[in-house]
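To convert, note that position 192 of the sequence shown is 194 in our numbering; the numbers rise steadily by one, no gaps. Every residue gets a Cβ at the ideal spot worked out from N, C-alpha and C, and that includes glycine. Only a predicted model underlies this, so the values are computations on that prediction, with no experimental measurement involved. See below for the structure under consideration.
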Amino acid sequence: MAAPIKTRAMALRPARPTTGAALLVALLVAAGYAAFAEGAVGQPEEAWLQVAVAFCAVVAAAAWLGAGRLRSAPGGVAIAGVVLLALYAAWAAISLAWTVAPDRTWAEFNRGLAYALVVAVALLAAGQVPRAIERVAMGWLAIAVSVAVYALGGKVLPGVLDHAEAVARLRAPLEYWNALGLVCVLGVPVALRVATERTRTPVARCGGLLATMLLLTCLGLTYSRGGLVALAVVVVVLTVLGGARLRGLVAIAVAAVAAAPALAFAWTDDRLAENFVAHGERVDAGLVLGALLLAGTAAVFAGGLALIRLEARGRWSRGRSQVAWFALAAIGVALVAAGLTAMATSSRGFEGSIEEAVDNFTEVRRDEVYEPDRLLSTTSANRWAWWREAFGAYADEPVLGWGAGSFPVSRRLYRATPYDVQQTHSLPLQLMAETGTVGLVLAGGGLLLLFAAALARVRGMRAPPGPGDERERDLAVALFAAAAGWLVHALADWDWDIPGVTVPVLLFLGVLAARPPRVRPAAALSEPSAARWLALGAGCLLLAAFAVSAVLPAWSSSRTDSALRAVEERTPERLEDGARDAELAADLDPLAVRPLFAAASIAEARGRTLEARAHLLEAVERAPWSAEAWRRLTRLALGLADREGARRAAARLLELDPGNPRVLDFVREAQGLATPPEGSATAGGTPLTP
3 MAAPIKTRAM
13 ALRPARPTTG
23 AALLVALLVA
33 AGYAAFAEGA
43 VGQPEEAWLQ
53 VAVAFCAVVA
63 AAAWLGAGRL
73 RSAPGGVAIA
83 GVVLLALYAA
93 WAAISLAWTV
103 APDRTWAEFN
113 RGLAYALVVA
123 VALLAAGQVP
133 RAIERVAMGW
143 LAIAVSVAVY
153 ALGGKVLPGV
163 LDHAEAVARL
173 RAPLEYWNAL
183 GLVCVLGVPV
193 ALRVATERTR
203 TPVARCGGLL
213 ATMLLLTCLG
223 LTYSRGGLVA
233 LAVVVVVLTV
243 LGGARLRGLV
253 AIAVAAVAAA
263 PALAFAWTDD
273 RLAENFVAHG
283 ERVDAGLVLG
293 ALLLAGTAAV
303 FAGGLALIRL
313 EARGRWSRGR
323 SQVAWFALAA
333 IGVALVAAGL
343 TAMATSSRGF
353 EGSIEEAVDN
363 FTEVRRDEVY
373 EPDRLLSTTS
383 ANRWAWWREA
393 FGAYADEPVL
403 GWGAGSFPVS
413 RRLYRATPYD
423 VQQTHSLPLQ
433 LMAETGTVGL
443 VLAGGGLLLL
453 FAAALARVRG
463 MRAPPGPGDE
473 RERDLAVALF
483 AAAAGWLVHA
493 LADWDWDIPG
503 VTVPVLLFLG
513 VLAARPPRVR
523 PAAALSEPSA
533 ARWLALGAGC
543 LLLAAFAVSA
553 VLPAWSSSRT
563 DSALRAVEER
573 TPERLEDGAR
583 DAELAADLDP
593 LAVRPLFAAA
603 SIAEARGRTL
613 EARAHLLEAV
623 ERAPWSAEAW
633 RRLTRLALGL
643 ADREGARRAA
653 ARLLELDPGN
663 PRVLDFVREA
673 QGLATPPEGS
683 ATAGGTPLTP
């Protein structure tokens with residue numbers, strides 16, 4: 003009788019949220035890793051991130067189905083959102099049957115499934131952990147500020163951190179300026195909520211103001227117009243849904259004023275605004291910038307403490323709030339009127355100014371991406387052309403699309419710009435062009451359902467009973483505002499392909515969409531049923547298969563890189579090792595053509611031209627839509643004096659990329675070389691006199 007009594011006593015004890023808290027910490031660590039691993043865009047960084055997510059999912063499944071330590075019960079809308087994201091990943095895998103870019107389709111499947119798992123784990127974990135929203139929000143704020151400080155270090159301490167040595171526009175550690183700016187934007191609403199919450203200590207609130215200043219400074223030095231638009235969306239959502247509305251606007255104004263001197267100096271001083279500046283000049287300018295940041299820090303603390311004392315002494319009436327809102331509205335109307343007046347009185351007039359802005363937006367040209375004055379430009383940086391290409395691809399394949407991740411290949415048939423690009427720079431158009439209407443409905447529907455569940459949770463947290471709950475609600479609004487900023491930013495950028503900015507947002511949505519934990523007995527101490535053990539085993543096997551699916555392309559890419567280094571060294575021993583590496587890489591990733599390119603280059607370096615030709619023929623068999631494979635095959639056929647083969651390969655290359663000037667020149671030259679002397683247009687049939 004002793005054992006049953008002990009079991010019953012344990013069953014009545016509340017379950018500890020250890021597992022859920024550990025899972026949330028693990029997801030935050032994964033988000034931080036992605037941010038500092040160049041956004042986890044390339045290999046093997048993205049593979050390690052996906053393996054980590056799969057491991058978290060295994061732990062969550064074991065705790066939910068096996069040990070019963072996770073007793074979460076997410077709402078139906080949130081579950082539907084996760085299911086749709088998982089179905090999108092499945093649809094990406096199915097598109098391997100018709101894709102024009104098999105290796106990229108495999109990568110998109112891995113990415114889509116990892117995203118669905120992030121939301122699922124967050125849903126399960128947050129449903130068990132008290133104050134899960136606060137824990138995630140504060141953890142993310144620490145990550146965002148760390149990213150901003152590291153990025154600013156390249157300007158302030160060029161002798162210590164040299165990531166801004168060649169390019170002045172801040173982009174490290176994500177290696178893409180717009181992604182770095184978006185990380186800063188995602189941290190701003192949490193920092194503002196820390197700065198405006200009255201229950202925190204004055205030092206903590208001033209710390210929130212300082213974090214806001216650092217994030218705004220880093221955002222300004224990315225020159226990211228999309229980041230500024232996302233920031234405006236964040237501020238609007240935070241003001242509309244959250245409390246402390248006026249205090250929030252005052253806080254961001256104070257932080258912006260404190261950041262202004264450092265930004266003005268960095269924008270106007272050539273030593274910080276120009277590329278490839280001498281090291282000594284950058285060191286001197288960095289010291290000045292660091293002094294301005296320290297002065298901004300002092301101003302933030304002085305201003306913050308003064309405002310806190312003023313807030314404690316005075317009582318802000320409703321009438322004063324109405325006057326303040328009226329004044330802000332009047333300032334906004336005055337600014338709009340001033341802008342319209344400036345346009346009307348300009349040399350082009352009002353209509354001419356609008357036409358010029360439209361022309362700049364739609365014009366195809368090489369974008370000057372490194373200058374601070376791009377913040378005031380109206381160019382789309384060729385996005386308009388890429389959007390046209392994506393819509394052209396969608397118009398021809400509206401239901402199925404060309405295959406997940408296929409835009410870099412399909413766009414060549416609809417080329418509107420001579421410049422190559424890998425993404426559409428618009429999430430909806432990317433889904434439409436690559437996975438058709440089906441993919442748009444699945445991925446877009448999943449995201450919208452998660453946003454709906456998160457918004458319902460935020461709205462349901464009105465009129466909280468205690469101070470702690472008020473803090474939780476304010477931070478919930480902050481996370482929702484950050485997710486809204488990401489959503490708007492993704493309309494004009496390739497955020498979906500950057501885990502460093504998408505994983506934290508999916509974590510936010512999962513935590514917000516989860517049902518709050520309730521005090522419940524640890525009734526899961528009873529033995530799980532056979533069906534649950536079977537489900538757990540099947541789930542673990544599937545997750546293990548997913549981890550293998552993530553690792554194989556990364557392993558293949560690593561071996562391919564090793565093979566290409568052997569081509570550069572060109573010693574017999576290294577070429578032999580490189581050939582083995584290329585062969586292994588081709589076996590590890592049977593959809594990729596890059597290992598075959600490396601194998602062909604090694605074979606040519608070893609004088610084995612026919613072997614190189616065999617590798618390239620296998621490449622065009624794996625990826626018949628690969629323009630690079632047909633270009634290489636054309637060049638090799640010319641070297642072998644295979645005129646007919648060269649003509650066929652060049653014709654296929656021209657079919658795949660008809661609007662590329664470089665391809666046109668190459669094909670023209672190849673066709674000329676492949677033409678026999680008697681086939682020349684100038685041949686008269688009479689041999690020349692010796």
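In the structure shown, Ser97 adopts helical secondary structure according to DSSP, grouped into three states. DSSP places Ala103 outside both helix and strand once states are collapsed to three, so it counts as coil.
The Cβ atoms of Val242 and Pro191 lie no closer than 8 Å to each other. Ser558: member of the alpha helix (DSSP H) spanning Ala532 to Glu571, first to last residue. Take Phe668, set aside five residues on each side of it, and the residues of its chain with a beta-carbon closer than 7 Å to its own are Arg633, in chain order. A Cβ-Cβ contact shorter than 8 Å links Ala59 with Leu545. Contact between Leu172 and Ala181 fails: their C-beta atoms lie close to 11 Å from each other, not under 8 Å.
Here DSSP, grouped into helix, strand and coil, assigns Pro663 to helix. If you draw a straight line from the Cα of Ile356 to the Cα of Thr347, it is about 13 Å long. Annotation for Gly288: the continuous alpha helix (DSSP H) segment containing it runs His281 to Arg315. If you ignore the 5 residues before and after Pro555, its C-beta comes within less than 8 Å of the C-beta of Gln45, Ala49, Asp105, Trp108, Ala109, Asn112, Leu590, Asp591 and Ala594, all in its own chain and listed in chain order. Under the 10 Å beta carbon count, Trp179 is surrounded by 16 or more other beta carbons and is classified as buried.
A contact is defined here as three or more CB-CB pairs under 8 Å, and the segment 413-425 meets this definition with respect to the segment 381-396. One Cα belongs to Gly447, the other to Leu176, and the distance between them is close to 28 Å. As for any alpha helix (DSSP H) of minimum length 4 sitting wholly inside the segment 415-465, the runs are 429-441 and 447-461, ordered along the chain.
Judged by pairs of C-beta atoms under 8 Å, the segment 425-434 touches the segment 490-505, as three or more such pairs exist.
Each of Asp369, Phe453 and Gln425 was checked against the Cα of Arg390, and the nearest Cα belongs to Gln425. Between Ala134 and Ala23, the alpha-carbon positions lie close to 8 Å from each other. In this model, Gly34 and Ala301 are separated by some 30 Å (Cα to Cα). For Pro410, same chain residues with a beta-carbon under 6 Å away, outside a window of 5 residues either side, are Gln424 in chain order.
Pairing Leu67 with Ser531, the inter-Cα distance amounts to about 9 Å. Across the set Gly83, Lys157, Val238 and Val53, the C-alpha of Lys157 shows the shortest separation from the C-alpha of Arg284. Straight-line spacing of the CA atoms in Met463 and Arg200 works out to 19 Å. The residue from Ala139, Pro132, Trp142 and Ala88 with its alpha-carbon nearest to that of Ala116 is Ala88. Leaving aside the five residues that flank Ala588 on each side, the residues in its chain whose CB is nearer than 7 Å to its CB run, in chain order, Pro597, Leu598 and Ala601. At a Cβ-Cβ threshold of 8 Å, Ala103 and Gly407 count as neighbours. The DSSP-derived three-state label of Ser148 is helix. Between Ala607 and Val569, the gap from beta carbon to beta carbon is short of 8 Å.
Scanning Ala287, His281 and Ala280 for the CA closest to the CA of Asp271 turns up Ala287. Residue environment: Arg461 is assigned as exposed (fewer than 16 neighbouring CB atoms within 10 Å of its CB, all protein chains considered). In the structure shown, His165 adopts coil according to DSSP, grouped into three states. In terms of Cβ geometry, Leu221 and Gly229 form a close pair [threshold 8 Å]. By the 16-neighbour rule on beta-carbons within 10 angstroms, Pro160 is buried. In the DSSP annotation of this structure, the continuous segment of the alpha helix (DSSP H) that includes Trp386 starts and ends at Arg385 to Asp398.
Rounded to the nearest angstrom, the Cβ distance from Pro204 to Leu307 is 6 Å, consistent with a contact under 8 Å. When Cβ pairs closer than 8 Å are counted between the two stretches, the segment 292-299 is seen to touch the segment 258-271, the count reaching three or more.
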